[in-house]
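Novice: Numbering (the numbering used here), first residue to last: 13 to 139. Every residue, glycine too, gets a C-beta built ideally from N, C-alpha and C. Got a structure for you, written out below as structure tokens; questions coming shortly.
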């Protein structure tokens with residue numbers, strides 16, 4: 013099986029040694045996305061809800077570039093900076109992802125200043 017790098021201008025490109033996404037066979041891993049506007053490189057929003065919505069837009073853009081969608085996602089990992097943000101995250105997440113929800117893990121960690129959320133995705137695609 014060939015490993016294919018997925019890139020799109022519709023999601024931010026970071027100055028880090030990583031690919032936006034990688035597909036091998038039916039497995040697609042989307043790298044952790046942040047709430048950056050892909051056109052400007054600026055952080056979108058100051059609230060967890062705003063940043064979650066933009067971050068999921070970026071995840072979806074990488075999925076789309078690989079011929080996939082949120083319906084193909086089996087696992088989303090969410091990284092938050094503060095446990096107090098969980099209710100606001102859950103509300104924005106539910107609105108953006110919709111049912112049936114994929115499996116999810118939420119981890120609390122430190123992100124660079126101004127960033128409140130990061131999300132990565134694991135999808136399984138039909139060949």
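1) Check whether the Cβ atoms of residue 137 and residue 79 sit closer than 8 Å, and answer yes or no.
2) Quick check: is the beta carbon of residue 19 nearer than 8 Å to any beta carbon in chain B?
3) Let's see if you can read the secondary structure: which residues bound the alpha helix (DSSP H) around residue 74?
4) Check the DSSP bridge columns for residue 48 and list the partner residues they point to.
5) Which one of 77, 132 and 126 has the shortest CA to CA distance from residue 54?
6) Using 8 Å as the cut-off, can you tell me whether the region 113-132 makes contact with the region 90-98, which would need three or more C-beta pairs spanning the two stretches below that distance?
7) Check for me: the alpha helix (DSSP H) holding residue 135 runs from which residue to which?
8) According to DSSP, is residue 80 part of a helix, a strand, or is it coil?
9) Using the beta-carbon count (16 or more within 10 Å), is residue 72 buried or exposed?
10) Looking only at its chain, what residues have a beta carbon closer than 7 Å to the beta carbon of residue 61, apart from the 5 residues adjacent to it on each side?
11) Where does residue 27 fall in DSSP's three states?
12) Under 8 Å, do residue 74 and residue 33 count as touching if we go by C-beta distance?
Specialist: To lay it out plainly:
1) yes
2) Going by chain labels, chain B is absent from the structure shown, which holds only one protein chain.
3) 60-77
4) 55
5) 126
6) yes
7) Segment 129-136 is the beta strand (DSSP E) holding residue 135; no alpha helix (DSSP H) there.
8) coil
9) buried
10) 100, 103 and 104
11) coil
12) yes
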